[in-house]
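Residue numbers (our numbering): 34 to 537. The beta-carbon is built from N, C-alpha and C at its ideal position, and this holds for glycine as well.
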């Protein structure tokens, strides 16, 4: 069912791209209603337009808060052209039929990025705009609604090719886009008031595929807020999952620390990490923890990448390298492989407050696992040494970022063994010891971290037999005393943190 556009209501914040639209409407003899700055813009083009105030008989009031909220405006938008009662009432109250609504919204999100002044932010919550857009979209059988400037070009083409006529299919398509615009706008306002992070649909990015090639995937969010991609192919679904894990881990280590930290991530798990005085040293130490698993991994550092480190990294195959900066000569080395993904991490990149997981027919939302211990309670046979304490703090952080059940072995702030994703804690302990022995690591002087309590003393006994004499764990088992008593009897240091770090 075709409809001819004979009247239009235009009220927009952004004027760029609007001139071709109003010029074409004028050529078609369309009556244009407008208000405020939009009216002036149109009249400055030499095109006649009718002030909305002539319909409402009210000027713009309350500092511009009320302009179009009036039955004469909304009646012209919502009136059904196939409903005789609606038409009779429109004639009775001199309400004109409106066939086209072009409205955009106040720049709420842009204002949020430029100021923290609540008064300025609140004034950018549009009321009339979303109301008119929703009304016009609801009445798509009779109206065309344009809710964003990126639709102007398509509208001009439609007006020219169809002499101002539109089909029901076209009107419905524009209505669907309009509802999406309003939804995304409301999401941004909701996020501001409730402190949530619900991603609007207008920030979606189609990915090559999902976790596997037969799975379709889309990313919702704005990656430019987190990092700048300097080089390489498009990030995949799996890349993004690992990049997220890498950034969450490296954010635990301050760039202001005297030593740099370098980590290798594989399938979201840490397979190598170390802190050292130079970037090259911490890369060498991080890689040495498990050079086998590093193949094809995601690499992350909290310090700028120099040429020497770039050369060493280039000796292995990796998917992604993330750092706060790259020296120019390092970039020359790293760009030698066309597909290598190089990401420059922004200062506050991916600082999340909440985590989301799709389960069953809904979504789980939880606070991020912030903090590493709520207490530092020495319960073993002796106090930890200064060196042991530094290693235990390091190990506890790393353990937090492994899949449960997780066990971490650390020596001189270097990951030397790990067990993760096992169905029993003792299996993770065995796996961590085996991994260390695979690369001929002497575990005497190393420390152990566990993401949850020890249900029995067997894990402590097993690592003690390998030379480990300091342990950190959250505690909380009804049998905590078993592992504590073993440490007391054998002069081992044990720290209870009171903070579990399950990760599923």
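Q) In whole angstroms, what is the alpha-carbon distance linking residue 220 and residue 149? A) Distance between the alpha carbons of residue 220 and residue 149: 18 Å.
Q | Close Cβ partners of residue 48 (< 6 Å) along its chain, the five nearest in sequence each way excluded | A | Correct list, in chain order: 74.
Q. Looking at C-alpha atoms only, which residue of 389, 185, 344 is the closest neighbour of residue 400?
A. 389
Q) Hey, quick one: how far does the alpha helix (DSSP H) through residue 203 stretch, first residue to last? A) 201-227
Q) Which of the three DSSP states, helix, strand or coil, is assigned to residue 92? A) When secondary structure is reduced to three states using DSSP, residue 92 falls in the coil class, being assigned neither helix nor strand.
**Q.** Inter-residue Cα distance where the pair is residue 513 and residue 345
**A.** 45 Å
Q. Nearest CA to the CA of residue 86: which residue from 436, 79, 398, 106?
A. 106
**Q.** Element boundaries [alpha helix (DSSP H), containing residue 389]
**A.** Run containing residue 389: none in the alpha helix (DSSP H); it sits in the beta strand (DSSP E), 387-392.
**Q.** Unbroken beta strand (DSSP E) run spanning residue 396, endpoints
**A.** Per DSSP, the unbroken beta strand (DSSP E) holding residue 396 starts and ends at 395-400.
Q: Could you work out which residue in 473, 435, 479 is closest to residue 458 when comparing CA atoms only?
A: Minimum Cα distance to residue 458 is reached at 435.
Q: Return the Cβ separation of residue 432 and residue 484 in integer angstroms, given the expectation that the two are a contact with Cβ distance under 8 Å.
A: Indeed they touch by this definition, with Cβ atoms about 5 Å apart.
Q | Exposure label - residue 269; buried when at least 16 CB within 10 Å | A | buried
Q) Thinking C-alpha only, which one of 502, 534, 375 is nearest residue 523? A) Considering only alpha carbons, the answer is 502.
Q | Contact under 7 Å by Cβ, residue 40 with residue 71 | A | Contact flag unset, no.
Q | Which of helix, strand or coil DSSP assigns to residue 496 | A | For residue 496, the three-state secondary structure derived from DSSP is helix.
Q) Ordered along the chain, which non-local residues of its own chain (more than five positions away) have a Cβ less than 6 Å from that of residue 34? A) Same-chain partners within the cutoff: 201.
**Q.** Enclosing beta strand (DSSP E) for residue 294 [first to last residue]
**A.** Judged by DSSP secondary structure, residue 294 falls within the beta strand (DSSP E) whose first and last residues are 293-299.
Q. So, residue 505 versus residue 425, is the Cβ gap smaller than 7 Å?
A. yes
(Q) Considering only their Cβ atoms, is the gap separating residue 332 from residue 367 smaller than 7 Å? (A) no
Q: List the endpoints of the continuous beta strand (DSSP E) containing residue 128.
A: Element bounds for residue 128: n/a, residue is neither H nor E.
**Q.** Residue nearest to residue 245 in terms of C-alpha spacing, selected from 237, 79, 274, 262
**A.** 274
Q | Own chain residues within Cβ distance below 8 Å of residue 292, not counting five before or after | A | 308, 309, 310, 315, 446
Q.
So, for residue 142: in the same chain, excluding its five sequence neighbours on each side, which residues have a beta-carbon less than 6 Å away from its beta-carbon?
A. 221
Q: Indicate the three-state DSSP secondary structure (helix, strand or coil) for residue 477 in the structure shown.
A: coil
Q) When the Cα atoms are used, what is the spatial distance from residue 428 to residue 381? A) 24 Å
Q: Taking the CB atoms as reference points, tell me whether residue 526 and residue 452 lie closer together than 7 Å.
A: no
(Q) Checking 7 Å against the spacing of the C-beta atoms, do residue 377 and residue 252 come in under that value? (A) no
Q. Going by the beta-carbon positions, is the gap between residue 66 and residue 42 smaller than 7 Å?
A. Result yes, Cβ atoms of residue 66 and residue 42 sit closer than 7 Å.
(Q) Taking contact to mean 3 or more Cβ pairs, one atom from each stretch, closer than 8 Å, check whether the region 209-228 and the region 131-142 are in contact. (A) Contact between the region 209-228 and the region 131-142 is present: 3 or more CB-CB pairs across the two stretches fall below 8 Å.
(Q) Only counting the same chain, and skipping five residues up and downstream in sequence, which positions put a Cβ closer than 8 Å to that of residue 159? (A) 138, 139, 141, 218
Q) From residue 134 to residue 179, what does the alpha carbon distance come to, in whole angstroms? A) Taking the straight line joining both Cα atoms gives about 6 Å.
Q. Can the beta-carbon of residue 394 be found less than 7 Å from the beta-carbon of residue 430?
A. no
Q) What are the start and end residues of the beta strand (DSSP E) that includes residue 429? A) It is not in any beta strand (DSSP E) - residue 429 instead sits in the alpha helix (DSSP H) that spans 419-433.
Q: Please classify residue 464: does DSSP put it in a helix, a strand, or coil?
A: If DSSP states are grouped into helix, strand and coil, residue 464 belongs with the helices.
Q. Can you tell me the Cα-Cα spacing of residue 90 and residue 398, whole angstroms?
A. Computed Cα separation, rounded: 49 Å.
**Q.** Backbone CA spacing between residue 351 and residue 173 [nearest angstrom]
**A.** Rounded to the nearest angstrom, the gap between the Cα atoms of residue 351 and residue 173 is 52 Å.
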